[in-house]
Every structure is written in C-alpha cells, then in structure tokens.
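When the sequence shown is numbered by our numbering, its final residue is 803 and no position is left out of the sequence of numbers.
Every residue gets a Cβ at the ideal spot worked out from N, C-alpha and C, and that includes glycine.
To start, the structure under review is shown below, and the notes come after it.
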Amino acid sequence: MKYLSNILFLTIAMAYTSLFSQVAFQDIEPDSALKLSQHTRQKLLIDIYTDWCVPCKELDKHIFSQPKVGKFVNENYISIKLNAEEPGGKLFCKTYEVPEAYPTVLLLDEKANEIDRIIGLIPEEKYIQILRDYPKRSSIMVSNRCESLSTRRPY
649 MKYLSNILFL TIAMAYTSLF SQVAFQDIEP DSALKLSQHT RQKLLIDIYT DWCVPCKELD
709 KHIFSQPKVG KFVNENYISI KLNAEEPGGK LFCKTYEVPE AYPTVLLLDE KANEIDRIIG
769 LIPEEKYIQI LRDYPKRSSI MVSNRCESLS TRRPY
C-alpha cells in the first residue's frame with residue numbers, strides 16, 4: 649500500500665512540475681489578454697503560429713517547454729497563442745503587419761504597443777536574453793516602431 653501511495657505521489661509531483669515548468673499560455677483572445685495585462689501590469693507575449701508550421705512545433709517543444717524559459721515567461725508575461733490562419737489571427741497579423749513567417753512572437757506592453765518581435769527559432773538562452781532585456785527597450789522602441797493598438801485595432 650505504501651508503495652502505491654509513493655508512486656501516486658511521484659506521478660502527481662512529476663505532472664505538477666511538468667505543468668509549471670513550461671510556458672503557461674492563456675486560452676483567451678488578444679483583447680482579453682490586453683485587459684489582463686493592464687490589470688496585472690505584465691507584458692504580453694503573443695506566439696503566432698500555423699498548424700502546418702514545423703518550426704512552430706519545434707519552438708513549443710524545444711523553447712517554450714524549457715523550465716528556465718517557462719519560469720521567466722510565466723512570472724513576467726501574459727502569454728497567448730494565436731493561429732495566423734484563423735479569422736482573428738489573420739486580422740491581428742494584418743494589424744501588426746506580421747509577415748507570413750512563422751513562428752513569430754510579438755512582445756507588447758500593457759497598452760498593446762509592440763516592443764519587439766522574434767521571427768523563427770533561436771536558442772533558449774537568446775530567447776531569455778531578449779525577454780529579459782525587453783523592459784529596457786520598451787521606451788525607445790515604442791516611439792520608433794508602432795502606435796498603440798487602441799488607435800488601430802479593427803477588432
């Protein structure tokens with residue numbers, strides 16, 4: 649009996665660790681993510697993908713599943729996934745002028761200003777470096793790159 653309870657405990661512990669060691673993407677629309685971002689004062693990370701995109705699957709498997717990346721992103725960002733081929737995704741990609749290059753990860757501030765974007769696959773350490781440096785770049789890049797989504801949001 650004790651053996652079974654130990655196995656059950658280890659199984660639950662492994663599932664818990666696995667669940668919280670990867671990026672926890674919210675299953676919400678961009679507008680809801682923006683409201684949540686404003687409420688929590690966290691930045692937005694939006695993973696734009698397609699179902700047929702092999703590099704998108706590799707990003708999930710090799711970057712977003714890594715404990716270091718998951719921990720950092722979950723503590724600092726509201727994260728969502730957006731399929732570029734679905735109606736909402738197409739509109740979002742048009743609004744942010746996302747080219748048909750996947751995966752594309754957009755980093756936005758609480759006002760939906762684009763701060764940076766990552767196109768394609770890059771090593772885990774580079775991802776973490778870009779995400780950590782993001783607040784340092786935000787005030788410079790907002791004025792140089794994009795206007796607020798609130799002034800151009802068609803959805």
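query	result
Measure the alpha-carbon distance for LYS742 versus GLY736 and round it to whole angstroms.	10 angstroms
Three or more C-beta pairs closer than 8 angstroms, one from the segment 754 to 762 and one from the segment 702 to 720: is that the case here?	no
Report the rounded CA-to-CA distance for TYR803 versus LEU739, giving the unit in angstroms.	Because the pLDDT at TYR803 is just 36, under 50, the model does not fix this residue reliably, and the value given afterwards should be weighed accordingly. Rounded to whole angstroms, TYR803 to LEU739 spans 7 angstroms at the Cα level.
Would DSSP call ASN724 helix, strand or coil?	helix
Spatial neighbours of TYR750 within its chain, please: C-beta separation below 6 angstroms, excluding the five flanking residues on both sides.	TYR697, THR698, CYS701 and CYS704
Could you check whether TYR744 and LYS691 sit closer than 8 angstroms to each other, using their CB atoms as the reference points?	no
Would you tell me roughly how many angstroms separate the C-alpha atoms of ASN792 and GLU748, rounded to the nearest one?	Reliability of the predicted coordinates at ASN792 is poor, the pLDDT of 35 falling under 50, and the value obtained from them is presented with this limitation in mind. Cα to Cα, ASN792 sits roughly 23 angstroms from GLU748.
Based on Cα-Cα distance, which residue from ALA732, ARG780 and THR688 lies nearest to ILE694?	ALA732
Can you say whether LYS729 is buried or exposed, counting buried as having 16 or more other CB atoms within 10 angstroms of its CB?	buried
Short check: CB of GLN674 to CB of SER713, under 8 angstroms?	no
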